[in-house]
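2 protein chains.
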Amino acid sequence: MTTEHHKIAKQRIFEAALALFARKGYAAVGVREIARKAEVNISMINYYFGEKAGILKAIINECYDQYFRTIKPVGDEDLPVETHVRKMVNTVVNFFRQNTELVIVAFDIIPLDIPEVMELKTKWITGIREGMANFRKKLGIDSQDIVQEGIGPTALIAVILNHFQSKYAAEQYPQFKEYAAQLNDEFYKKYIDALSDLFLYGYMGKKNKEEK
Amino acid sequence: MTTEHHKIAKQRIFEAALALFARKGYAAVGVREIARKAEVNISMINYYFGEKAGILKAIINECYDQYFRTIKPVGDEDLPVETHVRKMVNTVVNFFRQNTELVIVAFDIIPLDIPEVMELKTKWITGIREGMANFRKKLGIDSQDIVQEGIGPTALIAVILNHFQSKYAAEQYPQFKEYAAQLNDEFYKKYIDALSDLFLYGYMGKKNKEEK
DNA sequence: ATAATGTAAACGAACGATTGCTTAAAACAA
DNA sequence: TTGTTTTAAGCAATCGTTCGTTTACATTAT
């Protein structure tokens, strides 16, 4: 029971902080606000996570770990390039959809002046990049070429992240909730196809395809 | 002289805040830090901008105004679609390059719980979308189709914004400065072409082009 | 010409509120 | 009892903002 209680309280803090960080950004959220939402005493945060930044570290670890474990096996599959790309887009979009708050907080680009956190993120990103080296190679991306690095998978993920940041923001504001409500299963089926098409054949190719 | 002095102090606050907001995010920066960097008394911030959020509003107005005035005339030009897209990509990338701090702060997606600021951004985005309606029409984008909205120009800007966020972050950290230094004129010439190619013909088209 | 008035810019000090975090004791389970 | 979990209270520091005052210069009146 004790262990159970333990987990529950820690989990509540984690989830409350995650939701608040996603909504307002790390710096804009205070520990008291987290404690209030988690229905927990303030000191519980330091008890379980050491410091405020400890929650963020936990979020980052959780997100990158799950992300890597999700896309790595897909990247290692042996499929024709086009099929492979489509499957990867599908995988990434679904992961972002199911873990929107996690990716918004963990994949946020604005640097925090907390060296430890920055190092943690760098470590993860480097690791994932190495783990996906084969997939990148298959796409013919030369890791030395910074132009190719700037587009390719990097660009794809930027687009997807941007979409879910916008979606999440829209869900908060009454005037945009109507839009957010349209983003259902049906939408994502089409979205994944359209995004794959765009990445594979571009805007002109996509246009030709539609005109056929 | 008085007016001259006025401009200088206000400008210093604006620029100091802009740099700090871009680096750390709005919420992570205090007015004292801004005042210190601007070499100005703390109370001058409220004197010139009313409140801390007033600086942010000024930044947002400055950015969107300049952005719209830059891309609008390009969007209204009468060019073949491909040429038009390439010119637009070139225009947007150069604008982001020359106004990196402005776009990082103003185009940041994470919502601030300052209703006034959110309304201001919404107003600008709506206006720009309307102003660029002809260009979107030319690309064959149906504004009602949220799938097409999610990719297209939205995706392109997301990619470019992501690049400059990464670049700006890299410039701050010693271990990445080497990378940031490579992002020179030569790089952006290639980057603009590669990004245009990707958007127009996709990854497969780009690959075919290179193999020729 | 000199003195009085007006005005905008800048200053240091302080306001109440909130920040992240710590402590010591109470409540609980084993 | 022993050891763990939860609590309330409080720490120093900082937050955004406002205060009354002073400086510097322009305008007006005498």
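Same order as they appear, the protein sequences are chains C and G. Each residue of the first sequence is one higher than the one before, counting from 3 in our numbering. Each residue of the second sequence is one higher than the one before, counting from 3 in our numbering. Cβ atoms here follow ideal geometry from the backbone N, Cα and C, with glycine treated the same way.
Mapping the DSSP letters down to three states, classify C/Val31 as helix, strand or coil. coil
Kindly say whether G/Pro82, judged by its beta-carbon, lies nearer than 8 Å to any beta-carbon of chain C. no
Comparing the C-beta of C/Gly204 with each C-beta of chain G, is any distance below 8 Å? yes
By a C-beta neighbour count over all protein chains shown, 10 Å radius and 16 as the cutoff for buried, is C/Lys123 buried or exposed? buried
Strictly below 8 Å CB to CB, what residues from chain G border C/Ile111? Asn164, Gln167, Ser168 and Ala171
Between C/Gln146 and chain G, is there a C-beta pair that is closer than 8 Å? no
Distance CB(G/Arg39)-CB(G/Ala18) smaller than 8 Å: For the record, residue 39 of chain G in the displayed sequence is Lys; it is not Arg. Cβ atoms of G/Lys39 and G/Ala18: closer than 8 Å.
Cβ of G/Gly56 within 8 Å of any chain C Cβ: no
Hey, out of G/Glu103, G/Gln174, G/Tyr190 and G/Pro113, whose CA is closest to C/Phe166's CA? G/Pro113
Within chain G, the residues that C/Ala160 reaches when beta carbons sit closer than 7 Å: Ala160, Val161 and Asn164
Around the Cβ of C/Ile61, are there at least 16 other Cβ atoms within 10 angstroms (buried) or fewer (exposed)? buried
Let me make sure I understand the geometry here. Which of C/Ile57, C/Tyr49 and C/Ile10 has the alpha-carbon closest to that of C/Val31? C/Ile57
Any chance you could list the alpha helix (DSSP H) runs of at least 4 consecutive residues sitting entirely within the region 108 to 177 of chain C, in chain order? 117 to 133, 135 to 140, 148 to 152 and 155 to 174
So the alpha helix (DSSP H) G/Val91 belongs to, where does it begin and stop? Val83 to Gln100
Note down, in chain order, each residue of its chain lying with its Cβ closer than 7 Å to the Cβ of G/Arg25, except the 5 sequence neighbours on either side. Gln174
In this structure, how does DSSP classify G/Val42 when only helix, strand and coil are distinguished? coil
Of the choices C/Asn186, C/Gln146 and C/Gly129, whose alpha-carbon is the least far from that of C/Asn63? C/Gly129
Contact between the region 187 to 202 of chain C and the region 175 to 191 of chain G is defined here as three or more beta-carbon pairs at a separation below 8 Å; is this criterion met? no
So, with DSSP's three-state summary, where would you put C/Asn63? helix
Check this for me: beta carbons of G/Ala2 and C/Gly27, under 8 Å apart or not? Outside the modelled stretch of chain G, which goes from 3 to 214, sits residue 2 of chain G, for which no answer is possible.
In chain C, what lies closer than 9 Å to G/Phe189 by C-beta? Ile148, Val149 and Gly152
Is it true that the CB of G/Gln150 sits closer than 8 Å to the CB of G/Ile143? yes
Contact between the region 63 to 78 of chain G and the region 103 to 122 of chain G is defined here as three or more beta-carbon pairs at a separation below 8 Å; is this criterion met? yes
Alpha carbon to alpha carbon, how far is C/Pro155 from G/Ile194? 17 Å
Inter-residue Cα distance where the pair is C/Gly272 and C/Lys74: No answer is possible for residue 272 of chain C: the residues shown for chain C start at 3 and end at 214.
Nearest residue (CA-CA) to G/Phe137, options G/Gln146, G/Asp110, G/Phe98 and G/Val83: G/Val83
Taking only beta-carbon atoms, is C/Gly133 less than 8 Å away from chain G? no
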